[in-house]
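J.: Residue numbers (the numbering used here): 402 to 553.
For each residue, glycine too, the CB sits at the ideal point set by N, CA and C.
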Amino acid sequence: MALEPRKFKTRKSINVPGHSHYLTFSTYRGHPYLKDDKICRLLVRRINKASKDYQFAVLGYVFMPDHVHLLIHPSAEKYKIAKILQAIKQGPSVSAKNRGLISTDLWQEGGGYDRNVTRFRTRRSILRYIHRNPVKQGMVADPWEYRWSSAS
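#1: Can you tell me which of the three DSSP states Ser494 falls into?
#2: Where does Asn499 land, buried or exposed, given buried means 16+ other C-beta within 10 angstroms?
#3: Residues in the same chain with beta-carbon distance under 6 Å from Gln509, minus the five sequence neighbours each way, listed in chain order, please.
#4: Got a sec? Which residues, its chain only, sit under 7 Å from Asn517 by beta carbon, not counting five neighbours each side?
#5: Would you check if the distance between the CB atom of Ile440 and the CB atom of Pro475 is smaller than 8 Å?
#6: On the DSSP letters alone, give me the boundaries of the alpha helix (DSSP H) that His628 sits inside.
#7: If you check the beta carbons only, do Ile485 and Ala451 fall under 8 Å apart?
#8: With a 10 Å radius around its C-beta and 16 neighbouring C-beta atoms as the bar for buried, classify Ala477 as buried or exposed.
#9: Anyone know if the C-beta pair for Val463 and His532 falls short of 8 Å?
#10: Work out the CA separation of Gly511 and Arg442 for me, nearest whole Å.
#11: By Cβ distance below 7 Å, which residues in the same chain neighbour Leu404 in space, the five residues on each side in sequence not counted?
#12: Reducing DSSP to helix, strand and coil, say where Leu486 ends up.
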């Protein structure tokens, strides 16, 4: 009996003007690549460039060793989260490989997680969750102590 190749869940995006998006994506096979400050700096630069190119505000973020949480709010009337994610993820992956920082892919295959957010209270709750993630994992005592977070 032949085994079927593993199928990854695909991210379904609903691109609605005025909505914020809570995005989560993981490193390849859970490798802790984001412990490396050089890779995190590449990611910050890429997010800043993508935010200008694709017209979105970064409301909050945290880079955990094996995943990223990002809360963004597109201002363009027409946008595609898939394009935004591609712009964010592709650059650091290529740069990290070219610089010899990684030998595999940087990101896990698939789009990750995308949740549309319409309410202020929900955004606030997501930001609290994002910022408390390093505390919950025992990495720091207070959210503002974690370097790769919008709380710091």
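T.: Let me spell this out:
#1: helix
#2: exposed
#3: Ser427 and Tyr429
#4: Apart from the 5 residues on each side of it in sequence, Asn517 sits with its Cβ closer than 7 Å to the Cβ of Ile415, Val417, His420 and His422 in its chain, given in chain order.
#5: no
#6: Only positions 402 to 553 of the chain appear in this structure, which leaves residue 628 out of reach.
#7: Ile485 is a Cβ neighbour of Ala451, given a cutoff of 8 Å.
#8: With fewer than 16 other Cβ atoms within 10 Å, it is exposed.
#9: yes
#10: Using only the alpha carbons, I get a separation of about 23 Å.
#11: Low local confidence applies: a pLDDT of 46 at Leu404 is under 50, so the model's placement there is unreliable, with the coordinate-based value given in what follows. Correct list: empty, nothing qualifies.
#12: helix
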